[in-house]
Structure formats: structure tokens, C-alpha cells
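Only one structure is covered here, and it is reproduced in the block below.
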Amino acid sequence: MGWDGIYGGWGGIYEGWGQLVTIAIMAVALGMDAFSLGVGIGMRGIRLLHVLQLSLLIAFFHVLMPLLGLFTGSYVGHLLGQVTTYAAGALLVMLGGHMVFNSFRQDNGSSRQMDHRTIWGMLLISLSVSVDSFSVGVSLGMFVNSIILTVLAFGACGGVMSITGLLLGRRVSRGLGEYGEALGGAILLAFGLMFIF
Numbered sequence: 190m191g192w193d194g195i196y197g198g199w200g201g202i203y204e205g206w207g208q209l210v211t212i213a214i215m216a217v218a219l220g221m222d223a224f225s226l227g228v229g230i231g232m233r234g235i236r237l238l239h240v241l242q243l244s245l246l247i248a249f250f251h252v253l254m255p256l257l258g259l260f261t262g263s264y265v266g267h268l269l270g271q272v273t274t275y276a277a278g279a280l281l282v283m284l285g286g287h288m289v290f291n292s293f294r295q296d297n298g299s300s301r302q303m304d305h306r307t308i309w310g311m312l313l314i315s316l317s318v319s320v321d322s323f324s325v326g327v328s329l330g331m332f333v334n335s336i337i338l339t340v341l342a343f344g345a346c347g348g349v350m351s352i353t354g355l356l357l358g359r360r361v362s363r364g365l366g367e368y369g370e371a372l373g374g375a376i377l378l379a380f381g382l383m384f385i386f
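Position one of the sequence shown corresponds to residue 190 (the working numbering), numbered consecutively onward.
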């Protein structure tokens, strides 16, 4: 094996690690919305059984929505060719900006007021915090290699962060959740700008 082969092999490893780190950071950023909502619901009081049920539903939708987005993004990537990186970056910038803007609004949205004790309330809440992951899935679908790893990371982070938010919400101030959503949006915004520039 020549130097080119060795260099190519190391380059592939670094590229793989870069994708893993990107996916992990985005999974955490998207989980911030579930964390934020969990803090708000936890402050109103929630039983441990409902914590488990709601977190599992959020984890499920955090797998399903980006999976749909990844397939859409892969298809769009084939259509757009070289423009895919800019399109993915623009999508993340808009999504990140939207999350940051929403975190500073006085009205936290009707999803915060839904009854988390009913199955329909849980479904609507889970869907509302997972819709953003569809858009991120579209962006990642344009360049990511491992679809299964990506959606499992999103699901795991969404579930864990919603449990964390729900449990912490029983003890801490509401402001923590709002800052969490703003931080998640800022991370996605930064990644979008990196893709573009």
C-alpha cells in the first residue's frame, strides 16, 4: 500500500468521525426542544408513569421524523447535485433561527398547554417537539452515510433529554427550559452557517 492509500484510509476515518460528531451534536440540539417542553410540563406536575410514556413517544417520533426526512433529503440530494450543501445549510439556518426566536416568545405555544395525561395529548406533544427533526433529517440526508445510526442517535437523545427535562421540571425554574431551546437553535444555526461557508 502506498502513501496515497494510507492517507486515503486515514482521511476516510476522520471523515467518519466528523459525521459521528456532527450527528451527536445535532441530536443533542434537537433534544433541547424536548428538554425545554419537559421542564415546562414537569413544573405543572407529572406522574412517573406519564414521564416514561411521554419520553418513549418522543423517542419514537425522534426516530420516525428524521427517518422520513433522511429519505427525502437523499432523494433531493440526487436531484440537486452540487447545490445540496448550500440547501442543507440554509435549511439548518432557518430551523435554528426559528428555534431561537421561539424560545424568547412570551407565549410558549399551545403544545405547552396540552393535557399530557391523555394519549392524544401525549401524541400531539411528542409530534410537536419532533417536527424539527424532519427538517434536520432532510439536511443530513443530503450527505450522511449511516441512516440507522443517525435516527437511533436522534431517538436516544430525544428520549433521554425529555426524561431529564420532565424530572428536572419538578425542581427547577422555567427559565432553564427556555435557555435550553435557545441553545439547541443556536447549535443548528452554527452548523447551517458552517455548511454554507
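Where is the CB? At the ideal position from N, CA and C, for every residue including glycine.
Treat the numbers as computed from the prediction; the structure is a model and nothing was measured.
What do you reckon, are the CB atoms on Ser351 and Gly258 nearer than 9 Å?
-> No, the pair does not count as a contact, with Cβ atoms beyond the cut-off.
When the distance is taken between beta carbons, is Ala218 closer than 9 Å to Phe380?
-> Result yes, Cβ atoms of Phe380 and Ala218 sit closer than 9 Å.
Assigned exposure category for Thr339 - 16 Cβ within 10 Å defines buried | Buried is the label assigned to Thr339, since at least 16 other Cβ atoms lie within 10 Å of its Cβ.
Measure the CB-CB distance between Ala216 and Ala371 and report whether it falls below 9 Å.
-> It is not a contact, given that the beta carbons lie outside the stated cut-off.
When you compare only the Cα positions, how much space is there between Val320 and His239?
-> Each residue's alpha carbon lies about 21 Å from the other.
Run the CB neighbour count on Gly229, radius 10 Å, all protein chains shown included, and call it buried at 16 or more, exposed below.
-> So Gly229 counts as buried.
Host alpha helix (DSSP H) of Thr339 (start-end) = Taken as a continuous stretch (DSSP letters only), the alpha helix (DSSP H) holding Thr339 covers 336-358.
Apart from the five residues just before and just after Ala248, which ones in its own chain have a Cβ nearer than 6 Å to its Cβ?
-> For Ala248, the CB contacts under 6 Å within the same chain, skipping 5 residues up- and downstream, are Gly344, Gly347, Gly348 in chain order.
With 16 as the cutoff for other CB atoms within 10 Å, does Ile376 come out buried or exposed?
-> Buried, because 16 or more other Cβ atoms sit within 10 Å of the Cβ of Ile376.
Which full runs of the alpha helix (DSSP H) of 4+ residues lie inside the stretch 204-286, going along the chain?
-> Taking only runs of at least 4 residues, the alpha helix (DSSP H) segments lying wholly in the stretch 204-286 are 237-269.
Would Gly358 pass as a contact of Met232 if the rule is Cβ separation under 9 Å?
-> The answer is yes: Cβ separation under 9 Å.
Is it the case that the Cβ atoms of Leu243 and Met311 are separated by a distance below 9 Å?
-> Cβ atoms of Leu243 and Met311: closer than 9 Å.
Over what stretch of residues does the alpha helix (DSSP H) that includes Phe293 continue unbroken?
-> No alpha helix (DSSP H) holds Phe293; DSSP gives it neither H nor E.
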